[in-house]
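Shown next, in structure tokens, is the structure this report addresses.
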């Protein structure tokens, strides 16, 4: 999501499930929606059925999605940037891009500072000693007002457009074939279909998921897709966009509410150098880079102040910086992300872990490391529906010794564990935010079973009790704890309705619910728990529970069904669906029309009454336009093909810089990396349609559909190794191994890469050492190697060996 | 009441197995654990407590790999082999809407329907000793709900409606697929069983076997013979035997000892 | 009085007869919906379905014993062949020229062989039909024809058998119930056997 | 629905296929009167907790909450009013009932003492008391009001929090308040993975 935020301004699916039905071309890559989002995939099938949309599926495996696609191209895991770079090259060389869109709605015309370049694997500014980039050459050339200079003709050699053309000139179809392992013909066939969306009245969508995010260059990869979509003029268009298919019911909402480095609404976590609220706002409120940039993040002071009022209520005053000092601050360069968290845990720097429904032993990379890290904890609190591998980590020796020979006996593990029975979805009310950013309210159908409690009660009890201890005994730094507003009617179990109203925000002078974030103020007179959700629960009531069936645009936007952030906008960047004069690119498919000096249709991603040419169309970016060139990303402003950290071949573009130079690789004793000598095959992990993550191994239905773990093997490799369907095999990496029956298939093809056949072997996730059905945890295999921007581990494309056992 | 039907457009099946589970859930089937069969298919074949199976076939023609997925269940034949074979009155019934349904109060568990079915659908339960198969969710259709499998199908691969409508829709879809390049696309509504209330659209109708469907299914001729001429023959022989001997007695009477004078 | 059937023969015969009647009735119940009322009389469809194969098995086993006991006596001799040619005369109680029979006349012998053959077919096809889930489909498809055809033949034969023994030839039934016949009966219907037995008895008497 | 219900009683066999030997049809009209299992349920709208498509589901519960009756889920199926799923569900969603009703659900707090090799049952009261104590002890021991350079940071780095991806926004908001009240920075969810 870091990538989409950098490119377009918001880190979320641009369009939405229902909108996919408007597509003419569907590129499915880095995802397998037919299996993992079958109901979302219905809109792909609708596009295919009703619009004759062409589906292109690019995947290492011939998946169920591939089975219904019009064009399937197999590629080696982790070569997606090469493929997409090839599409960029193909489109530019053949002139198959939407020229007006590119000129009007992107930074293609922006000029970049002198000295920017790319040479043999590194962008300019590389400091080998520090292993980092000096980004000064990556910046826009600015005029006296601090605005970026442009060349609307796109001819200037330092224009983004020309730099892009140059950068991707190396990505010829032959090069793509050499890197990816497909044939040049397969590539060009796919490229030709994808580029049909360059026509102004055609749109194409990109659907991706963890097949893209789980790489050491994931953010760059998604940026590459965004570039393709900008070239095709597909952003802001119905049936267009770059659509992240998120994998958990409220992963979007949980992220909207903040992770280690963000506060609710994607406000950044304060850093230690930002001593006061003013310092913080100065550092985090961007300045417009063009005179016509709406630069909506310029409103950061309103968002932040209102959030602080939500947190600290009456304790937040203008005088005390609205309680800013109580918010914890990270060091300027510190990272508390997943990989770092477990590294610090392993180092014994963490006493306690509180987990609400998360299972790091199963889903963190290198299970052996996860187990070792958890056993360094003094205490752990786990709230769950079922016993998980994490809550039972201390028993791994007994439950799965063959996979974890080094793990200790329970008697040697001093961690105190509280396993709390929590409620499941049916027993809770509240909101889930789906991938389309729709906030959907649900009601509780029944009470939790036995003594299980609702999560809000567990949190309420813990918070209140810790506070009571401080009241009674005193203790360190009681202020942040005591000043946090917890004044709910029932503080031991806050009503989620009350919380939802607080999240929407209210005017503190009138006491009325806010209608939207446009009403937020930076003087402490408004309160709002998450500015992007403002408008979800207004004086009109709970908009998230709306069930209106009308669809006035006919584009599947359903404006009165539930509520979508931001401002009930269904298609992000929808202003870009028309040209600079407000004429829709496609009259039959306009989400927005400028009529009688107002924009009508979807909620405009623009000032509602502004003239078409008043502002740039990407209001969340200081540029006011979308970015081909994104200097925010750490490894370069343009995506470049790097091999996975564990790769069977040399980088065919620059063998001296094989992998992403900025990839974060951890080096704890169990963090070993393998070479292709010992581990000659490429391993990938994936979900199956029959199961959901590590949960459904507890349910009867899914366990029946797919009871057994298996190792999916190309028939060519199986023949070489004389492995037959069902034979027990072992898949191993430098970190660990998994055992299971072989599933020999034609759907995995040996790929010709650099003159040799590279075989890929796949394992489904879903199993573990507790549950109704059991099997190995596939993260025994994976490495502590992370994307430097997003901090996501490289679960796709690692080196494995395969043996018959 | 019009005959209702189920249309399965295999070109839209993504093998998600939602229909399998929806069937299990609605019919309160016990869930069992499977053994590894070396494919993505849930079970090798239908079971007495598993009435809806997606068959997965990896099929290669001219180096082009297809992964064919197809839902398999009772076809609700217009001329149903199971009904023909069934000896127990009221055990297999045809509802007003054309559904072939089993009434387990009347089923005696003889298993003749298994033999009568050209699609190998009915299955005998080892515990209840009765035969089970898809009911087209007769309890749901009776109150205006779609069958569970159809309601849950995400991709519109499955649709429900009157047989007349769906046949037309199927023909249209086949024409559409032909236009899109699947020259052998067609409708599977085998006439050997009088047509089926489960209608398929196949991308290659010339080769239904590649999906796991019989090419020209009919009620087996032995079953037809058994339930037709053989029955007639039997009736003639039994009635003839009884009447014949009776009239023989009347005409000729018993063989008396005295009719055989001593030598 | 002349002994015709000893107790063992009578026992086996009635085992065969009872099982046959049960199997036939229960079979008829499952053969036609018009006869399903028989199932109701016999305890319901499921009972009939469950017991029919067992009835059939006991019938077949008993018939096996019967076959072992009687097969040697059932060979057709030259008189029998003539008898068969003249059987229409026998049927019309006009037995002039019909050769005398031994213990069994040719009709009885034919019945014996026919019933044995039908029983074998019924047994084999029945076993196939009993396990529809296990047996290969092609076998089952054959069995659904063989079983009813054999049953039709068999029941047809038995109708004749019952008529002959209970109605057409008075005194026969007693042979199978009490075991003996009158000399007159024996002489009238099985003269060769009568002559043999009287000769043996004469010899014994001497 | 009432009229349709009554009509069910008259559904009958047409019997066209039964041209029997005797030339008439004995495939008698047979009533099929299977009770619709969701005929008397309470319906609640909810959202599937699995992937992020956001399918709406209808949860059918039975039981009127009389003093000895706890409502139980008898069926879950797709909500036709949702423009996203229009009543459809995938295989996981279609078996949600099995998730809610699973006999392996946790129903009471469990505690694992340091070094122990078994779980032991513990009361909520006991669990809350002990957990609050652990949290406070760790906080008192590890809270940094200032960093090495003397800058106010007010943070707690020896305690970490994870999760929330299947919790509602509101619970996540409360977790955020909890987190910042404690001063916790290390806070991650599934989006990272």
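Chains as they are written, first to last, in our numbering: chain S, 20 to 824; chain F, 13 to 275; chain L, 79 to 284; chain G, 27 to 219.
Every residue, glycine too, gets a C-beta built ideally from N, C-alpha and C.
Quick caveat: nothing in here was measured; it's all calculated off a predicted structure.
Next item on the list: Express the C-alpha separation of residue 380 of chain S and residue 329 of chain S in angstroms, rounding to a whole number.
Entry: Numbered from its first residue, the first chain carries residue 329 of chain S at position 310. Numbered from its first residue, the first chain carries residue 380 of chain S at position 361. For residue 329 of chain S and residue 380 of chain S, the distance between alpha carbons rounds to 35 Å.
Next item on the list: Consider the Cβ of residue 246 of chain F: report whether some Cβ of chain L lies at a distance smaller than 9 Å.
Entry: Counting from one through the second chain, the residue named residue 246 of chain F turns up at place 234. Closer than 9 Å to some Cβ of chain L, the Cβ of residue 246 of chain F qualifies, so yes.
Check: Who are the neighbours of residue 241 of chain L on chain F, taking C-beta pairs under 7 Å?
Finding: Residue numbering aside, residue 241 of chain L sits at position 163 when the third chain is read from its first letter. The contacting residues are 257.
Note to self: I'd like to know whether the C-beta of residue 205 of chain L is nearer than 9 Å to at least one C-beta of chain F.
What the structure shows: Along the third chain, one-based indexing puts residue 205 of chain L at 127. Not an interface residue.
Note to self: For a contact defined as C-beta to C-beta under 7 Å, what are the partners of residue 262 of chain L on chain F?
What the structure shows: Your numbering for residue 262 of chain L matches position 184 in the third chain. Going along chain F in sequence order, the residues near residue 262 of chain L (Cβ under 7 Å) are 269.
Notebook entry, point to check: Based on the DSSP secondary-structure assignment, which residues constitute the bridge partners of residue 495 of chain S?
Noted result: To locate residue 495 of chain S, count along the first chain from 1; it is residue 476. Its beta-bridge partners do not exist; DSSP assigns none.
Check: Is DSSP giving residue 242 of chain L helix, strand or coil here?
Finding: As a working mapping, residue 242 of chain L is identified with position 164 in the third chain. Helix at residue 242 of chain L.
Next item on the list: For residue 196 of chain F, count neighbouring Cβ atoms within 10 angstroms of its own Cβ and tell me buried if that reaches 16, exposed if not.
Entry: For the purposes of this step, residue 196 of chain F is taken as the residue at position 184 of the second chain. Burial call: exposed.
Note to self: With H, G and I counted as helix, E and B as strand and the rest as coil, what does DSSP make of residue 70 of chain S?
What the structure shows: As a position in the first chain, residue 70 of chain S is number 51, starting the count at 1. In the structure shown, residue 70 of chain S sits in coil (DSSP, three-state: anything other than H, G, I, E or B).
Note to self: Applying the 10 Å Cβ sphere with the 16-neighbour rule, what's the burial state of residue 181 of chain G?
What the structure shows: As a position in the fourth chain, residue 181 of chain G is number 155, starting the count at 1. With 16 or more Cβ atoms within 10 Å of its Cβ, residue 181 of chain G is classed as buried.
Check: For the alpha helix (DSSP H) that residue 239 of chain S lies in, which residues bound it at each end?
Finding: As a first step, residue 239 of chain S is located in the first chain; it is residue number 220 there, counting from the start. Segment 237-250, the alpha helix (DSSP H) holding residue 239 of chain S.
Check: In chain G, which residues lie less than 8 Å from residue 443 of chain S when you measure between Cβ atoms?
Finding: In the first chain, residue 443 of chain S corresponds to position 424, counting from 1. Result: 75, 125, 126, 131.
Checklist line | Given residue 126 of chain G as reference, the closest of S:224, S:466, S:74, S:47 once Cα atoms are compared | finding: Numbered from its first residue, the fourth chain carries residue 126 of chain G at position 100. That would be S:466, whose Cα lies nearest to the Cα of residue 126 of chain G.
Check: How many angstroms separate the CA atom of residue 575 of chain S from the CA atom of residue 504 of chain S?
Finding: Position 556 of the first chain, counting from 1, holds the residue named residue 575 of chain S. Position 485 of the first chain, counting from 1, holds the residue named residue 504 of chain S. Their backbone Cα atoms lie some 40 Å apart in a straight line.
Margin query: Extract the residue ranges of the beta strand (DSSP E) inside the region 175-241 of chain F, only unbroken runs of 3 or more that lie entirely within it.
Written below: 198-200, 210-214
Margin query: Quick check: the region 407-415 of chain S against the region 362-382 of chain S, are at least 3 beta-carbon pairs closer than 8 Å?
Written below: yes
Check: For residue 811 of chain S and chain F, any beta-carbon pair shorter than 9 Å?
Finding: Residue 811 of chain S sits at position 792 when you count from the first residue of the first chain. No, because no Cβ of chain F sits closer than 9 Å to the Cβ of residue 811 of chain S.
Next item on the list: Step through the CB atoms of chain S and report whether any lies within less than 9 Å of the CB of residue 134 of chain G.
Entry: Working through the fourth chain from its first residue, we reach residue 134 of chain G at position 108. So, interface residue.
Check: What residues in the region 369-380 of chain S bring their beta carbon closer than 7 Å to a beta carbon of chain G?
Finding: 369, 370, 371, 372, 373, 374, 375, 376, 377, 379
Checklist line | Residue(s) in a DSSP beta bridge with residue 538 of chain S | finding: By 1-based counting over the first chain, the position of residue 538 of chain S is 519. Residue 538 of chain S is not bridged to any residue.
Margin query: Which residues does DSSP list as the beta-bridge partners of residue 561 of chain S?
Written below: In the first chain, the residue the question calls residue 561 of chain S occupies position 542. Paired residues: S:556.
Checklist line | Closest residue to residue 197 of chain S among S:95, S:234, S:367 (Cα-Cα distance) | finding: On the first chain, residue 197 of chain S is found 178 positions in, with the first residue counted as 1. Residue S:95 is the option with its Cα nearest to residue 197 of chain S.
Note to self: Which residues in chain F have a C-beta closer than 7 Å to the C-beta of residue 104 of chain G? List them in chain order.
What the structure shows: To locate residue 104 of chain G, count along the fourth chain from 1; it is residue 78. The contacting residues are 163, 164.
Checklist line | is_contact[residue 203 of chain G, chain F] using C-beta, thresh 9 Å | finding: By one-based count along the fourth chain, residue 203 of chain G stands at place 177. Closer than 9 Å: no.
Notebook entry, point to check: Would residue 705 of chain S count as contacting chain G if we go by Cβ distances under 9 Å?
Noted result: Numbered from 1 along the first chain, position 686 holds the residue referred to as residue 705 of chain S. No, residue 705 of chain S lies away from the interface with chain G (no Cβ there is under 9 Å from its Cβ).
Notebook entry, point to check: For residue 97 of chain F versus residue 123 of chain L, is the C-beta spacing smaller than 9 Å?
Noted result: Residue 97 of chain F sits at position 85 when you count from the first residue of the second chain. Residue 123 of chain L sits at position 45 when you count from the first residue of the third chain. Not a contact, by the Cβ cut-off of 9 Å.
Next item on the list: Answer with buried or exposed for residue 367 of chain S, where buried requires no fewer than 16 other C-beta atoms within 10 angstroms of its C-beta.
Entry: Indexing the first chain from 1 puts residue 367 of chain S at position 348. Exposed.
Notebook entry, point to check: Whose Cβ in chain S lies nearer than 8 Å to the Cβ of residue 210 of chain G?
Noted result: Within the fourth chain, residue 210 of chain G is the residue found at index 184, counting from 1. What residue 210 of chain G touches in chain S: 347.
Notebook entry, point to check: Since residue 208 of chain F and residue 89 of chain F are thought to touch, with beta carbons under 8 Å apart, how far apart are those beta carbons, to the nearest angstrom?
Noted result: Within the second chain, numbered from 1, the residue matching residue 208 of chain F stands at position 196. Within the second chain, numbered from 1, the residue matching residue 89 of chain F stands at position 77. With 8 Å as the limit, residue 208 of chain F and residue 89 of chain F qualify as a contact, their Cβ atoms being about 5 Å apart.
Checklist line | For residue 756 of chain S, the three-state DSSP class (helix, strand or coil) | finding: Here residue 756 of chain S corresponds to residue number 737 of the first chain, with the count starting at 1. Strand at residue 756 of chain S.
Next item on the list: Note down the Cα distance separating residue 52 of chain G from residue 112 of chain L, rounded to an integer number of angstroms.
Entry: Within the fourth chain, residue 52 of chain G is the residue found at index 26, counting from 1. Within the third chain, residue 112 of chain L is the residue found at index 34, counting from 1. Because residue 52 of chain G carries a pLDDT of 36, less than 50, the predicted location of this residue cannot be relied on, and no value is offered for it.
Item checked: Sequence-distant residues of its chain with Cβ nearer than 6 Å to residue 615 of chain S (five each side left out) -> Residue mapping note: residue 615 of chain S aligns to position 596 of the first chain, counting from 1. Within the same chain, residue 615 of chain S has no close Cβ partners at all.
Next item on the list: Please list, in chain order, all residues of the same chain as residue 792 of chain S whose beta carbon is under 6 Å from its beta carbon, the five residues on each side excluded.
Entry: One-based indexing of the first chain puts residue 792 of chain S at position 773. Within the same chain, residue 792 of chain S has close Cβ partners 716, 722, 726.
Next item on the list: Consider the Cβ of residue 13 of chain F: report whether some Cβ of chain S lies at a distance smaller than 9 Å.
Entry: Reading the second chain from its first residue, position 1 is the one you call residue 13 of chain F. Chain S contact via Cβ: absent.
Check: What residues of chain G sit near residue 145 of chain F, judged by a beta carbon separation below 7 Å?
Finding: The residue you call residue 145 of chain F lines up with position 133 of the second chain. Neighbours of residue 145 of chain F on chain G: none; closest Cβ ~14 Å, over 7 Å.
Next item on the list: Measuring alpha carbon to alpha carbon, tell me which of L:166, L:169, L:172, L:158 ends up nearest residue 52 of chain L.
Entry: There is no way to answer for residue 52 of chain L, as the model of chain L reaches only from 79 to 284.
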